[in-house]
Each structure stands twice: as C-alpha cells, then as structure tokens.
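Written below as structure tokens is the structure these notes are about.
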Amino acid sequence: MQQIMEIEEDIVIVGGGIAGLTTALGLYRLGLRSLVLESSESLRIAGFALTLWTNAWRALDAVGIDNSLREHYHLIPRGNEGRCVRRKELLETLERELPHGTLRYSSKVVSIEDTRYRKLLHLADGSTLKTKVLIGCDGVNSLVAKWLGLPKPVFSGRSAIRGFAEYPDGHGFYPSLHVYYEGGVRYGYVPCGANCFYWFCSYNSSLQYDEGMQENPAKMKQFVLSKISQLPKQAAEVVEMTALDSISCSPLKLRLPWNLLLGNISKGNVCVAGDALHPMTPHIGQGGCSALEDGVVLARCLAEALLKKPRNEIQNEEEEYARIEKGLEKFAKERRWRSFSLISAAYVVGFIQESDGKVVAMGGDMEIMEGVVVLDLTGPVMQLSEMLSPVLLWTQCRVSAL
C-alpha cells in the first residue's frame with residue numbers, strides 16, 4: 001500500500017479567491033511565505049467583474065499591484081476612485097506576484113483536526129498537511145468558519161443575475177455607473193474597460209424559483225430584459241450583447257451581523273477572512289473591497305506578531321503559538337465591527353432599493369425616468385468606503401525569512 005506523505009507548512013490559506021490571494025501576497029511582501037489551497041482546478045472567477053472603490057485601491061496599493069490594474073480600467077467620475085475590474089484579471093495579477101508554488105489547485109480540505117500547536121488538515125485526495133497558522137478564505141460555505149463555530153450564512157430573500165457583455169470593436173460609452181430601481185428590482189451596468197460592460201440585476205425571490213433559473217441562462221436573460229423594458233436603449237443593449245455562457249444567477253446570502261459580535265472570528269491559530277468571515281449582499285459594492293482590506297490587515301497583524309522578534313529567538317512552540325494567537329486576535333478585533341457595519345449597511349440599502357417603489361434617497365441623487373426610480377448612491381457608497389483608511393496603513397515590519 002502506497003504511503004501518503006504528511007507535509008508541514010508555517011501558514012496555510014484555504015481558498016484562492018480575492019481574500020486568500022491578497023493575504024498571501026501581503027504576507028510575502030512582509031517576508032512570510034504561505035501555501036494557498038484552492039479546491040478548484042483553476043482560478044475561481046464567478047461573478048465576472050466587480051467595482052473597486054477607494055478603500056480597495058488603497059489595499060491594492062499596499063500589496064503593490066494598483067497601478068498595473070488602473071491602466072486598463074476607466075475611472076468612474078464621481079470625485080473619489082471607483083473602477084469596474086474583471087475578476088479574472090484581478091486574481092491573475094495577484095497570482096503573478098506570488099512565488100512559484102504558493103497556489104496549489106485541486107486541493108480540497110475536507111476536515112480539520114486540532115493537534116495542540118498545529119492544525120492537521122485532511123484533503124479530499126487522502127493527503128494530510130500540518131500547519132502552524134490556518135486562515136480560512138474559503139467562501140460563503142466555509143469549512144473553517146464551521147470549525148470555528150460560526151453559524152451558516154442565511155438567504156437574504158434576494159437573488160442576483162449577473163452578466164458580462166463584450167464589444168470587440170469597443171463600446172464607445174462614457175465610463176459611468178448606471179443603477180435603476182423599480183418594483184423590487186435593482187438593475188445596473190458599468191463599463192469594464194474599453195471593450196466590456198458588466199451588468200447586474202437583483203430582485204426579491206425564493207430559492208425554489210432560482211433553482212429553475214440557474215440552469216437556464218436564456219431564461220435569465222429574458223427575465224432581465226422583461227424587467228428593464230422601460231429603461232434607455234443602452235440598458236437593454238448590454239444585456240442583449242451578452243453571450244449565454246456569460247450570464248449567471250445566484251442567491252444572495254449574508255452572515256447575520258450579531259453572529260460576528262458573538263461568535264469566533266479567530267480561535268487559537270485559526271481565523272477566517274473574506275466571504276468566509278462577512279458574506280454580504282452586493283448593494284453597497286463592498287464584498288470584494290472588504291476582502292482586499294481583510295488580506296492587508298491580516299497580513300500586517302500576523303507579520304507584526306511573528307516578525308517583531310527574530311524567529312530564531314522564539315524559544316519554543318508555546319511562545320510561537322501565543323504570538324500567532326495574539327496576532328489573529330488583533331485582526332479579529334480590527335475587523336469585527338467593520339464587518340458588522342458593512343453587512344448591516346448592505347442589507348438595509350438593499351431593502352430600501354428593492355422595496356417595491358417605496359424608496360428613500362438616503363442622501364443620494366434621485367430622479368424619475370418614465371416611472372422608474374433612478375437613484376445614484378455612488379457618493380454615499382464612496383464615503384462609506386473611506387471609513388477604514390487608518391486601518392489600511394501598511395505597518396513597517398522587520399522582514400526575515402521563514
């Protein structure tokens with residue numbers, strides 16, 4: 001019988017999405033190597049694109065990849081920085097900056113075992129892996145969050161259809177974010193570079209209805225077109241230009257905010273970040289942005305804990321474990337209320353936007369176009385994204401090799 005080797009690592013990150021890769025790159029910039037375990041065979045690019053606001057660009061600046069992305073995407077003209085970025089390009093840019101071998105595909109973690117100062121990870125292929133630090137960036141259905149005892153995210157009562165339209169010869173449209181609301185439906189579209197448009201349509205729904213929708217992109221497309229028939233021609237054009245394999249539908253889930261206040265974000269040498277920590281509805285555009293924040297803050301907190309004292313001067317495993325625990329507790333303290341605020345704000349804004357016409361402007365610019373409410377919340381959203389500026393300061397740490 002073939003013996004399966006047990007590998008030991010210093011830091012293991014479960015999940016190769018935005019939070020996982022940003023954390024890995026942040027750690028690498030500060031002198032700490034990590035291993036990222038991704039269950040899929042390639043980079044996860046569900047969602048097609050996302051809008052990155054000021055706080056996200058500060059996080060990207062902290063890990064040194066902001067300018068390489070800026071040059072490809074138009075600035076949304078609203079006073080602060082907002083750009084719609086292809087998710088695939090964001091992840092590929094993060095991956096390119098990591099040392100070879102950092103990201104390991106087809107590596108699904110199926111269980112976690114506590115072995116005092118280490119965590120023993122059991123993978124689907126039968127292999128095992130020991131780690132001094134375990135970071136869960138494994139999404140909404142996080143195994144690591146479950147191990148920490150965090151309750152499962154709940155269905156918000158809303159779902160979203162998303163699409164990505166390509167214009168080979170260029171779309172020629174002004175780089176502006178358009179969002180419309182009518183009858184419980186929120187529809188928006190925004191240029192993503194010179195040749196693409198990203199669009200989204202969220203609506204009040206039931207899980208049973210969505211099950212019939214998710215396997216039928218033609219049905220999704222027709223549903224969206226039926227809901228935006230009163231909008232300007234350009235709104236429908238971007239949907240019509242979208243290939244069926246570039247349309248997806250998913251239920252919108254969130255972690256109940258009080259579960260973050262009462263539950264464990266970290267425990268010993270384990271923590272969660274990104275959607276594993278704070279799944280939220282997309283109504284303030286902060287899901288991906290906050291995942292980038294998480295990666296920067298987590299890398300800083302962990303590096304401060306591990307590099308403040310040279311590694312060769314740490315006397316024993318117990319002292320090292322205590323330092324790791326302290327660093328992760330600091331991360332949890334910094335992110336707990338931020339996550340609580342974003343989840344709550346996203347849900348409330350979504351409730352207002354999709355309240356069957358009972359709309360409150362909340363400081364945004366509102367107008368009526370042929371009976372459809374047009375509400376511009378770009379300003380308030382950008383103000384919200386500014387709230388975390390001090391936390392993203394890239395603390396100088398003493399760099400030493402593991």
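Residue numbers (UniProt numbering): 1 to 402.
We put the beta carbon where it would ideally sit given N, CA and C, even for glycine.
Exposure label - residue i; buried when at least 16 CB within 10 Å
{"i": "Gly17", "result": "buried"}
{"i": "Leu269", "result": "Checking the displayed sequence, the identity of residue 269 turns out to be Asn instead of Leu. It counts as buried."}
{"i": "Cys301", "result": "buried"}
{"i": "Pro279", "result": "buried"}
{"i": "Asp365", "result": "At Asp365 the pLDDT is 40, less than 50, meaning the model places this residue with poor confidence; the figure from the coordinates comes in the next sentence. It is exposed - the Cβ of Asp365 has fewer than 16 other Cβ atoms within 10 Å."}
{"i": "Glu304", "result": "buried"}
{"i": "Thr395", "result": "Residue placement at Thr395 cannot be trusted, given a pLDDT of 33 that sits under 50; what the coordinates show is reported in the next sentence. The residue is exposed, with fewer than 16 neighbouring Cβ atoms inside 10 Å."}
{"i": "His178", "result": "buried"}
{"i": "Asn259", "result": "buried"}
{"i": "Lys333", "result": "exposed"}
{"i": "Lys227", "result": "buried"}
{"i": "Lys233", "result": "exposed"}
{"i": "Trp147", "result": "buried"}
{"i": "Glu9", "result": "buried"}
{"i": "Lys132", "result": "buried"}
{"i": "Asp275", "result": "buried"}
{"i": "Ala124", "result": "exposed"}
{"i": "Leu261", "result": "exposed"}
{"i": "Gly350", "result": "buried"}
{"i": "Ser156", "result": "buried"}
{"i": "Ser229", "result": "exposed"}
{"i": "Trp337", "result": "exposed"}
{"i": "Glu92", "result": "exposed"}
{"i": "Ala46", "result": "exposed"}
{"i": "Glu320", "result": "buried"}
{"i": "Ile11", "result": "buried"}
{"i": "Ala218", "result": "exposed"}
{"i": "Gly287", "result": "buried"}
Beta-ladder partner(s) of residue i, from DSSP
{"i": "Arg158", "result": "Asn204"}
{"i": "Val270", "result": "Leu134 and Lys267"}
{"i": "Gly163", "result": "Trp199 and Ile247"}
{"i": "Leu35", "result": "Val12"}
{"i": "Val85", "result": "Leu50"}
{"i": "Leu129", "result": "Ile7 and Leu121"}
{"i": "Val179", "result": "Gly188"}
{"i": "Arg104", "result": "Leu37"}
Opening and closing residue of the beta strand (DSSP E) in which residue i lies
{"i": "Asp114", "result": "Val109 to Thr115"}
{"i": "Ala49", "result": "Ala49 to Leu52"}
Terminal residues of the alpha helix (DSSP H) in which residue i lies
{"i": "Val297", "result": "Gly287 to Leu307"}
{"i": "Lys146", "result": "Leu143 to Leu148"}
{"i": "Glu329", "result": "Glu317 to Gln353"}
{"i": "Pro282", "result": "First-last for Pro282: undefined, no H or E at that position."}
{"i": "Arg70", "result": "Asp66 to Arg70"}
{"i": "Pro77", "result": "Where Pro77 is concerned, there is no enclosing alpha helix (DSSP H), given that its DSSP letter is neither H nor E."}
{"i": "Leu260", "result": "Pro257 to Leu262"}
Q: Would you be able to state if there are at least three C-beta pairs under 8 angstroms between the region 111-129 and the region 223-232?
A: no
Q) Which residue spans inside the region 186-255 form an unbroken beta strand (DSSP E) run of at least 3? A) 196-204 and 247-254
Q) Using 8 angstroms as the threshold, is the region 246-263 in touch with the region 152-170, meaning 3 or more CB pairs across them? A) yes
Q. Fully enclosed by the region 1-33, which beta strand (DSSP E) runs are 3 residues long or longer?
A. 6-14
Q) Three or more beta-carbon pairs under 8 angstroms between the region 43-53 and the region 117-136, yes or no? A) no
Q | Inter-stretch contact at 8 angstroms, needing at least 3 Cβ pairs: the region 184-198 / the region 286-305 | A | no
Q. Taking contact to mean at least 3 C-beta pairs separated by less than 8 angstroms, is the region 126-142 in contact with the region 176-194?
A. no
Q) Would the region 63-78 and the region 94-103 be scored as touching if the rule is three or more Cβ pairs under 8 angstroms? A) yes
Q: Flag this pair as touching only if the region 100-112 and the region 235-242 have three or more C-beta atom pairs under 8 angstroms; answer yes or no.
A: no
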